[in-house]
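Engineer:
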């Protein structure tokens, strides 16, 4: 009898330990080697990532090989200093700032949806990046005088620089002073800035050979979740950035802003 009880107790312990290794609510941002896409080739496949067979990791955990490849091809680097990360997290806790950012973002909703659909880019990725950049914008950078002074290297809601306009063929590398001023004015225009951001993600998807009839969606496959994390990383260039963007992409308020039904409030009876 004791031997039978010992066997039963051992089985229960093994089952309990096995349950601890699995999340009750697994996140969609998990990737395994078997989920890697066969459409990528060469360095592009390395940039998206590879892990051991059967291993499940968070897609924001880039391997040293991936980081070296992304650094070589796109010039990305490590995370922000710890103090800067704390300041960023602190700003995210300010509810008035969050509400103000959502209000500003709602004004850009039509161009986010239309441009994302046209260029096969995930609109939630665009909205999440815009939310982050607008939430943490530097004071005064949107003023034309400050923009044309050269004090800020990135401008507008998406924090884009003149280099991105060069990448998209909208500005010559040897542009005149007048052309540079016109380009800065374009970056300061919110709708034009959003259009450039969507164009940037379209360009990066092509460079990473993520060609597909549909934009990458995190919940559809681990590979696509990793692709979204990589696109976010390449936008900002800081290693702690993808985790924030993927978190914002799950924010119910952002989902409601993009996809919620809007009904005009009836006028109150007097």
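Numbering (my numbering), first residue to last: -9 to 260. Note that the Cβ used here is the ideal one computed from N, Cα and C, for glycine as well. Small disclaimer: the values here were computed from a predicted structure and weren't measured.
(1) Could you give the distance in angstroms between the alpha-carbon of residue 136 and the alpha-carbon of residue 130?
(2) Quick one: is residue 214 buried, meaning 16 or more other Cβ sit within 10 Å of its Cβ, or exposed?
(3) Here's a check: name, in chain order, each residue in its chain whose Cβ is nearer than 6 angstroms to the Cβ of residue 142, leaving out the five neighbours to either side.
(4) When the Cα of residue 226 is compared with those of 65, 48, 51, 52, which residue comes out closest?
(5) If you compare alpha carbons, which of 231, 92, 116, 156 is closest to residue 67?
(6) For residue 216, which option in 98, 92, 157, 115 has the closest C-alpha, if you only look at C-alpha atoms?
(7) Taking residue 48 as part of the alpha helix (DSSP H), name the residues at either end of that continuous run.
(8) Measure the C-alpha to C-alpha separation of residue 181 and residue 200 and round it to an integer number of angstroms.
(9) Report the rounded CA-to-CA distance for residue 249 versus residue 125, giving the unit in angstroms.
(10) Can you tell me which of the three DSSP states residue 316 falls into?
(11) Is it the case that the stretch 163 to 177 contacts the stretch 87 to 96, given that we only count it when at least three CB pairs across the two stretches are under 8 angstroms?
Structural biologist: With the given structure in hand:
(1) The straight-line gap from Cα to Cα measures roughly 7 angstroms.
(2) Buried.
(3) Excluding residues within five positions, the ones whose Cβ falls inside 6 angstroms are 131.
(4) For the residues 65, 48, 51, 52, the minimum Cα distance to residue 226 belongs to 65.
(5) The residue with the shortest Cα to Cα distance from residue 67 is 231.
(6) Comparing alpha-carbon positions, the option among 98, 92, 157, 115 lying closest to residue 216 turns out to be 115.
(7) It is not in any alpha helix (DSSP H) - residue 48 carries neither H nor E in the DSSP assignment.
(8) Roughly 26 angstroms separates the two Cα atoms.
(9) One Cα belongs to residue 249, the other to residue 125, and the distance between them is close to 21 angstroms.
(10) The structure shown does not extend to residue 316, since the chain is modelled only from -9 through 260, so no value can be given for it.
(11) With a cut-off of 8 angstroms, the stretch 163 to 177 and the stretch 87 to 96 do not count as touching, because too few Cβ pairs lie within range.
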